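Q:
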Amino acid sequence: MLNLNEFLAYGEEGYNLVPVWKNIKKTQISPISIYEALANKSYSYLFELSEKHEDKYRATYSIVGLPCHQRIEIKDYSIKVFDENNAPTYITDIPPLDALRQILASYRVPKIDQLPNYAGGLFGYFGFETTRLIEPKLQANTRKKTLIDLPDILQIVSQELIVVDHRNDLIYVIVHAKPTESQNFADANLRINQIISELEKIPYQQQANFSPSTTTDRTTWFKDMESHFPQHDFQMAVNKIKEYIKAGDAMQVVLSQAMSRPLKANAIQLYQALTSMTNTPYCYLMNVEDSHVVGASPEMMVSLHQNKLISHPMAGTRHRGMNQQEDDALKAELLADNKEIAEHIMLVDLARNDIGRVAKTGSVTVNNLLSVEYFSHVMHIVSEVSGEKMDGIDEIDVISSTFPAGTLSGAPKIRALEIIHELEPYGRGVYGGCLGYITWNGDINLAITIRTGLLHQGQLYVQAGAGIIDASRAEREWQETIEKNSMMMHAAYQAEQFSL
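Letter by letter, the sequence shown follows residues 1 to 500 in full-length UniProt numbering.
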């Protein structure tokens with residue numbers, strides 16, 4: 001805990017915002033119950049992180065961001081900065097990502113070792129259309145209409161949060177305050193005590209028991225599903241990409257399709273169903289006014305911690321078997337598939353190039369090349385690329401260099417993005433971008449927004465892509481997008497059964 005003298009001393013040292021906190025012992029109350037009781041309003045979120053131990057991911061931190069109107073919204077080239085009263089200020093004189101960099105730099109917050117790595121900062125998403133803000137060649141493209149009208153970039157300035165530390169069985173309640181006078185410190189502690197009091201009132205509820213998948217269930221998951229890129233059109237686009245590849249325009253392009261269906265369940269029920277059936281490094285629920293982003297992403301876009309950069313390219317897919325024997329056979333088939341291996345190696349090379357632009361010369365390495373990871377409904381080939389951040393590079397530089405992930409675009413990246421813009425009927429929106437946090441001190445942890453649903457006015461929207469290369473078969477690539485969407489569709493079906 002921080003005392004008053006330490007709090008005021010930070011102000012004298014030039015800091016303009018300081019985290020004040022208290023710890024309590026972790027209880028049996030689940031993070032989603034905390035979110036439901038204390039957040040669950042516009043511009044709040046739940047972000048759950050896990051680390052791999054042997055063959056399973058185990059929870060490390062669950063972060064509940066309490067509702068906060070302070071945020072940055074970027075759409076096309078328009079920038080709006082909202083204050084705590086939800087009043088917007090428009091920025092028009094500098095490029096959007098430079099404005100975001102300046103806003104981050106305006107918060108001077110001390111790094112306090114007793115706190116988790118993320119104890120406040122920015123939380124939100126960079127949608128796929130961020131590519132137009134990064135790459136000059138793409139700025140000539142007209143911004144395509146998206147199925148849901150949301151900002152291209154949305155970042156919440158998260159100053160009140162609850163962090164559940166699963167490894168140390170602690171809950172941190174954190175409130176930020178300006179270190180200019182003692183009353184601010186007193187007000188922050190009063191707010192912390194209010195939050196703790198509300199935490200203590202949350203009743204224990206046993207987690208919902210969602211039934212496991214069965215073969216017969218699969219036919220019902222996609223009931224009432226509408227494709228926004230019909231199979232015939234999708235397969236024609238696959239063949240067009242193969243023509244581009246044969247002409248030497250590209251080596252690989254990730255083509256995606258969006259699907260939607262009515263959902264008779266709320267975002268919390270969908271999240272509970274989704275997280276009960278999957279084991280991934282990232283799970284998240286973000287409330288954006290009348291929309292909710294709900295996901296369980298298996299893939300990191302990039303992380304930066306203590307100057308170490310990490311990316312996890314993931315490409316190459318098979319559905320899960322019904323038992324270990326089938327899993328083993330499918331894994332062997334996957335690793336023997338020359339098309340899948342070629343695609344994966346190509347994207348590892350692209351990740352090396354992306355990381356290499358912001359890493360010290362000679363520091364980029366490839367670890368765990370061509371490992372296979374199992375998830376609830378599919379298995380993927382995964383590798384790790386790492387490097388040491390170059391001096392003078394900041395978090396926005398890192399995001400700009402690695403965005404979007406090659407596994408969601410293709411190679412070479414810029415030409416692949418041009419082809420995607422030409423052939424896909426809608427802008428991708430949140431899908432295919434990234435979601436996560438940027439700390440006050442420049443660390444980042446961003447998941448690729450795949451295996452993610454957007455719940456809007458009773459409709460659930462999902463999207464998935466397939467990497468197209470010269471050897472691709474159009475019908476198989478269509479089927480791959482269905483397989484990748486199956487987890488979200490299964491979760492939607494289960495959430496509806498639970499809500500009846």
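Just so you know, even glycine gets a beta-carbon here, dropped at the ideal spot from N, CA and C. Only a predicted model underlies this, so the values are computations on that prediction, with no experimental measurement involved.
What whole-angstrom Cβ distance do tyrosine 445 and serine 303 have, given they're in contact under 8 Å?
A: To locate residue 445, count along the sequence shown from 1; it is residue 445. To locate residue 303, count along the sequence shown from 1; it is residue 303. The residue you asked about is not tyrosine; residue 445 is asparagine in the sequence shown. Indeed, because the Cβ distance is near 5 Å, the residues count as touching under 8 Å.
Q: State the Cα-Cα distance for the pair arginine 473 and glutamate 340, rounded to the nearest angstrom.
A: Looking up residue 473 in the sequence shown gives position 473. Looking up residue 340 in the sequence shown gives position 340. Each residue's Cα considered, the two are about 12 Å apart.
Q: For proline 298, which residues from the same chain have a beta carbon less than 6 Å from its beta carbon, with the 5 sequence-adjacent residues on both sides left out?
A: Sequence index remark: in the sequence shown, residue 298 carries index 298 (1-based). Taken in chain order, the residues that qualify are Thr280, Phe375.
Q: Secondary structure at phenylalanine 403, three-state DSSP: helix, strand or coil?
A: Counting from one through the sequence shown, the residue named residue 403 turns up at place 403. Three-state result, phenylalanine 403: coil.
Q: Three-state secondary structure (DSSP) at phenylalanine 7?
A: Start at 1 with the first residue of the sequence shown, and residue 7 comes out as number 7. The answer is helix: DSSP assigns phenylalanine 7 an H, G or I state.
Q: Closer than 8 Å is the cut-off here; do at least three beta carbon pairs connect the segment 51-68 with the segment 126-139?
A: Flag = no, the segment 51-68 and the segment 126-139 do not touch.
Q: Under 7 Å Cβ to Cβ from asparagine 184, same chain only, skipping five residues before and after it: list those, please.
A: As a working mapping, residue 184 is identified with position 184 in the sequence shown. So the list reads Ala177, Lys178, once near-sequence residues are dropped.
Q: Enumerate in chain order the residues of its own chain whose CB-to-CB distance from isoleucine 91 is below 7 Å, with the five nearest sequence positions on each side excluded.
A: As a first step, residue 91 is located in the sequence shown; it is residue number 91 there, counting from the start. Hits under 7 Å: Ile79, Val81, Ala99.
Q: What does the alpha-carbon distance come out to for the pair threonine 216 and arginine 320?
A: Sequence index remark: in the sequence shown, residue 216 carries index 216 (1-based). Sequence index remark: in the sequence shown, residue 320 carries index 320 (1-based). Here the model assigns threonine 216 a pLDDT of 48, short of 50, so the residue's position is not dependable and the matter cannot be decided.
Q: Could you round the C-beta distance between lysine 389 and alanine 359 to whole angstroms and report it? I think they count as a contact, below 8 Å.
A: As a working mapping, residue 389 is identified with position 389 in the sequence shown. As a working mapping, residue 359 is identified with position 359 in the sequence shown. Indeed, because the Cβ distance is near 6 Å, the residues count as touching under 8 Å.
Q: Let's test the definition: count the other Cβ atoms within 10 Å of the Cβ of glutamine 257 and tell me whether it reaches 16, buried, or not, exposed.
A: Position 257 of the sequence shown, counting from 1, holds the residue named residue 257. The residue in question, glutamine 257, is buried, as its Cβ has 16 or more Cβ neighbours within 10 Å.
Q: Can you give the Cα-Cα distance for methionine 379 and phenylalanine 128, rounded to whole angstroms?
A: Locating residue 379 in the sequence shown gives position 379, counting from the first residue. Locating residue 128 in the sequence shown gives position 128, counting from the first residue. Rounded to the nearest angstrom, the two C-alpha atoms are 24 Å apart.
Q: Please identify the residue among Ile245, Ile134, Val20, Asn85 whose C-alpha is closest to the C-alpha of leucine 161.
A: Position 161 of the sequence shown, counting from 1, holds the residue named residue 161. Minimum Cα distance to leucine 161 is reached at Val20.
Q: Using 8 Å as the threshold, is the C-beta distance between aspartate 152 and isoleucine 32 below it?
A: For the purposes of this step, residue 152 is taken as the residue at position 152 of the sequence shown. For the purposes of this step, residue 32 is taken as the residue at position 32 of the sequence shown. Not in contact: aspartate 152 and isoleucine 32 (Cβ atoms no closer than 8 Å).
Q: Using CA coordinates, which residue listed in Thr439, Arg451, Asp443 is at the minimum distance from glycine 432?
A: As a position in the sequence shown, residue 432 is number 432, starting the count at 1. Among Thr439, Arg451, Asp443, the Cα nearest to that of glycine 432 belongs to Arg451.
Q: Starting from the C-beta of glutamine 231, find all residues in its chain whose C-beta is less than 6 Å away, skip the five residues before and the five after it, and write them out in chain order.
A: For the purposes of this step, residue 231 is taken as the residue at position 231 of the sequence shown. Here the set comprises Trp478.
Q: Quick one: grab the DSSP three-state call for isoleucine 420.
A: Here the question's residue 420 lines up with position 420 in the sequence shown. Reduced to three states, the DSSP call for isoleucine 420 is helix.
Q: Could you tell me whether the segment 249-266 touches the segment 404-423, using the rule of 3 or more Cβ pairs below 8 Å?
A: At 8 Å Cβ cutoff, the stretches touch.
Q: In whole angstroms, give me the CA-to-CA distance for histidine 377 and threonine 275.
A: Position 377 of the sequence shown, counting from 1, holds the residue named residue 377. Position 275 of the sequence shown, counting from 1, holds the residue named residue 275. Each residue's Cα considered, the two are about 13 Å apart.
Q: Going by beta-carbon coordinates alone, are threonine 402 and methionine 301 separated by less than 8 Å?
A: Numbered from its first residue, the sequence shown carries residue 402 at position 402. Numbered from its first residue, the sequence shown carries residue 301 at position 301. Contact: yes.
Q: For arginine 352, is the classification buried or exposed, using 16 other Cβ atoms within 10 angstroms of its Cβ as the cut-off for buried?
A: As a position in the sequence shown, residue 352 is number 352, starting the count at 1. Buried is the call here.
Q: Could you check whether histidine 292 and alanine 265 sit closer than 8 Å to each other, using their CB atoms as the reference points?
A: Against the sequence shown, residue 265 aligns to sequence position 265. Against the sequence shown, residue 292 aligns to sequence position 292. Not closer than 8 Å, so no.
Q: DSSP three-state label for residue 506, please.
A: Shown here, the chain extends from 1 to 500; a query on residue 506 therefore has no answer.
Q: Can you tell me the Cα-Cα spacing of leucine 408 and glycine 465, whole angstroms?
A: As a working mapping, residue 408 is identified with position 408 in the sequence shown. As a working mapping, residue 465 is identified with position 465 in the sequence shown. Approximately 7 Å between the Cα atoms of the pair.
Q: Alpha carbon to alpha carbon, how far is asparagine 40 from asparagine 287?
A: For the purposes of this step, residue 40 is identified with residue 40 of the sequence shown, where counting begins at 1. For the purposes of this step, residue 287 is identified with residue 287 of the sequence shown, where counting begins at 1. Approximately 7 Å, taken between the alpha carbons.
Q: Where do the ends of the beta strand (DSSP E) carrying asparagine 367 lie?
A: Taking the first residue of the sequence shown as position 1, residue 367 is located at position 367. Per DSSP, asparagine 367 belongs to the beta strand (DSSP E) from 365-374.
Q: Who are the Cβ neighbours of arginine 71 in its own chain at under 7 Å, not counting the five residues just before and after it?
A: Here the question's residue 71 lines up with position 71 in the sequence shown. Once the five neighbours on either side are set aside, the close Cβ partners of arginine 71 are Tyr43, Phe82, Leu154, Gln155, Ile156, Val157.
Q: I'd like to know whether the C-beta atoms of asparagine 117 and histidine 344 end up nearer to each other than 8 Å.
A: Within the sequence shown, numbered from 1, the residue matching residue 117 stands at position 117. Within the sequence shown, numbered from 1, the residue matching residue 344 stands at position 344. No.
Q: Are the Cβ atoms of tryptophan 221 and serine 383 separated by less than 8 Å?
A: As a first step, residue 221 is located in the sequence shown; it is residue number 221 there, counting from the start. As a first step, residue 383 is located in the sequence shown; it is residue number 383 there, counting from the start. Result no, Cβ atoms of tryptophan 221 and serine 383 do not sit closer than 8 Å.
Q: Would you tell me roughly how many angstroms separate the C-alpha atoms of isoleucine 355 and asparagine 323, rounded to the nearest one?
A: Residue numbering aside, residue 355 sits at position 355 when the sequence shown is read from its first letter. Residue numbering aside, residue 323 sits at position 323 when the sequence shown is read from its first letter. Going by the C-alpha atoms only, they are around 38 Å apart.
Q: Determine the contact status of leucine 334 and valine 372, defining contact as a CB-CB distance below 8 Å.
A: As a first step, residue 334 must be located in the sequence shown, where it is residue number 334. As a first step, residue 372 must be located in the sequence shown, where it is residue number 372. Yes, these two residues count as a Cβ contact at 8 Å.
Q: When DSSP labels each residue in this structure, what does glutamate 190 get in the three-state scheme?
A: Counted from its first residue, the sequence shown places residue 190 at position 190. According to the sequence displayed, residue 190 carries leucine and not glutamate. Three-state DSSP puts leucine 190 in a helix.
Q: List in chain order: all unbroken alpha helix (DSSP H) runs of 4+ residues lying wholly within the segment 73-140.
A: Listed in chain order, the complete alpha helix (DSSP H) runs (minimum 4 residues) inside the segment 73-140 are 96-106, 131-134.
Q: If I measure Cβ to Cβ from methionine 277 and keep anything under 6 Å in the same chain, skipping five residues before and after, which residues do I get?
A: Here the question's residue 277 lines up with position 277 in the sequence shown. Same-chain partners within the cutoff: Ser376.
Q: Can you check which of these residues, Asp397, Phe234, Thr481, Asn3, is closest to aspartate 443 by C-alpha distance?
A: In the sequence shown, residue 443 corresponds to position 443, counting from 1. Checked all of Asp397, Phe234, Thr481, Asn3; the closest Cα to aspartate 443 is Asp397.
Q: Using only CA atoms, which one of Met259, Asn367, Leu455, Glu424 lies nearest to isoleucine 381?
A: For this step, residue 381 is matched to residue 381 along the sequence shown. Among Met259, Asn367, Leu455, Glu424, the Cα nearest to that of isoleucine 381 belongs to Asn367.
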